[in-house]
Structure formats: C-alpha cells, structure tokens
C-alpha cells in the first residue's frame, strides 16, 4: 500500500518539508560548480528522524514511521526545481503519495541511492554527477591517486573505481557500497559512468562532489607535466585525521 505523506505523523511531515527545501537548494550547486549539464545529476538526502530528548507522543509515533529520503525528479530542468517538485521515496526506492503529480517520477538513479541508504546507516546524503574530469577517470577505469594534500584531507587516500553497472535496478548502489564500505573515500568513480559521493547529509555529499571534480582536474593537469608524486601513507593518515577532527569551526 502506498504511503500518504499527509497521513504520516506531523513531525515526519515537517522533517520532509525541511529536507525538500535543502535538497532543492543544493541542486543549484551542481550547475554553479560546473558538475552537470542539462538535466543530468541528482542530489538526495535521508529524512532525519526526530531529535533525541524528551519525546512527544508525535515524535514517538514518528520514530516508528518508515524511513524516507528526498530526491530530484527525473529529467526536470534545474531551473524548474523547487521544494514542491522534490520526490519523496521509501528506502525501497518507491515513491510515496507526496503531493507531487503521480506522473512525476523520481530520478533514474533512485534505486542506487536507496540501496546506499539501506546498507550504509551513516550516510545521510548521496550525489551523482557526470562532471567532466572525474568522469574521464571513470571512463579509463582508473582510480585517482592520492598525490595532493587536499585529497588526503578530504578523501583519506585515492578515489577508488567501482564496477561497471547500468541503470535500471540497484546494481549501481551495490557497486557503490562494495567499493566504499571499507574505504575512507566519500567518492567513487563508477566505471564508464561517473562519480557518486556520499556524506553525513546532502550538503556534505555535494561538497565531496565538488572536491572530487577539483582533484580529478588537478591530477589530470599534473600528469601532462610528468608523473605526480604520491603523498606518503603516514602523512595521508595524519592529514586526514587533522582535517576531519581539527580543521574549521567546531
């Protein structure tokens, strides 16, 4: 039976509304940073559960509600995106009755996003782009070596390559999970396809997508000058630890 958004607990409806606003706004970062063309690419975010504390009756009811995520509709221009057009899905990748037209289908990558959310509890956001340089590495089936301190900071090592998988089922999601489950990287280059990134929320995953394209471009340029020098593994570890736990405002 199809879930109906307006029949879910008020706390869930409010969380969905806030998530739709964030996801709609974050899609603007993809063309702004040159990561997509036309209608390609997508951002999704897991709808957060009610916050901890002394729970209200509605919050308790919301905690038992099915998990959801919000994703871009398929084939819709970035200029036409709004919170109201963001599609709400279960973690099985099924669209719920979310107030959008029945014919408005979620992204063709929805099954991949859903698989990641089902199998990586720590992931709160997923992004897919076809950014030029990262996709060029994916076309070669070659990981991006860790030759920049920026890569050590952000990805904790090289950006790995995932298997060739096609859209239509959750094969891409399986490849993402298998590749990133034991990696510190928050980006994977799906072979002959393009980059997918994960994060604690959608904004974090968008940042990873921007950084992935930046290092893909820089390392490519470096290779035109000669063979780049890899960052020593011990230094990679210390840089990653510092950036993840000390850098920035806390």
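Numbering (our numbering), first residue to last: 6 to 255.
Think of the CB as a built atom: it goes at the ideal place given N, C-alpha and C, for glycine as much as any other residue.
For the beta strand (DSSP E) holding residue i, just list the boundary residues, first then last.
i: residue 36; result: Run containing residue 36: none in the beta strand (DSSP E); it sits in the alpha helix (DSSP H), 34-37.
i: residue 197; result: Element bounds for residue 197: n/a, residue is neither H nor E.
i: residue 73; result: 73-76
Have a look at residue i and residue j and give me their C-alpha separation to the nearest angstrom.
i: residue 46; j: residue 156; result: 23 Å
i: residue 182; j: residue 125; result: 7 Å
i: residue 128; j: residue 229; result: 36 Å
i: residue 59; j: residue 66; result: Note that residue 59 scores 48 on pLDDT, short of 50, meaning its location in the model is unreliable; the coordinates nonetheless yield the value given after this. So the alpha carbons of these two residues sit roughly 13 Å apart.
i: residue 218; j: residue 137; result: 8 Å
i: residue 236; j: residue 148; result: 15 Å
i: residue 134; j: residue 14; result: 34 Å
i: residue 142; j: residue 195; result: 9 Å
i: residue 174; j: residue 246; result: 36 Å
i: residue 242; j: residue 150; result: 15 Å
i: residue 152; j: residue 189; result: 16 Å
i: residue 100; j: residue 16; result: 19 Å
Pick helix, strand or coil for residue i, following the three-state DSSP scheme.
i: residue 133; result: strand
i: residue 59; result: Note that residue 59 scores 48 on pLDDT, short of 50, meaning its location in the model is unreliable; the coordinates nonetheless yield the value given after this. Three-state result, residue 59: coil.
i: residue 2; result: Nothing about residue 2 can be read from this structure; the chain reaches only from 6 to 255.
With residue i and residue j assumed to form a contact (beta carbons below 8 Å), what rounded beta-carbon distance in angstroms separates them?
i: residue 252; j: residue 159; result: With 8 Å as the limit, residue 252 and residue 159 do not qualify as a contact, their Cβ atoms being about 10 Å apart.
i: residue 119; j: residue 10; result: At roughly 17 Å, the Cβ-Cβ gap does not stay under 8 Å, so residue 119 and residue 10 are not in contact.
i: residue 78; j: residue 110; result: 7 Å
i: residue 48; j: residue 211; result: 6 Å
i: residue 130; j: residue 204; result: 5 Å
i: residue 36; j: residue 83; result: 6 Å
Under DSSP, the alpha helix (DSSP H) around residue i begins and ends at which residues?
i: residue 177; result: 176-185
Return the residue from the list the options that minimises the CA-CA distance to residue i.
i: residue 24; options: 202, 44, 87, 134; result: 87
i: residue 122; options: 150, 71, 20, 35; result: 71
i: residue 144; options: 178, 7, 198, 242; result: 198
i: residue 287; options: 243, 43, 93; result: Coverage of the chain is limited to positions 6 through 255, which leaves residue 287 absent and any answer about it impossible.
i: residue 209; options: 19, 32, 7, 12; result: 32
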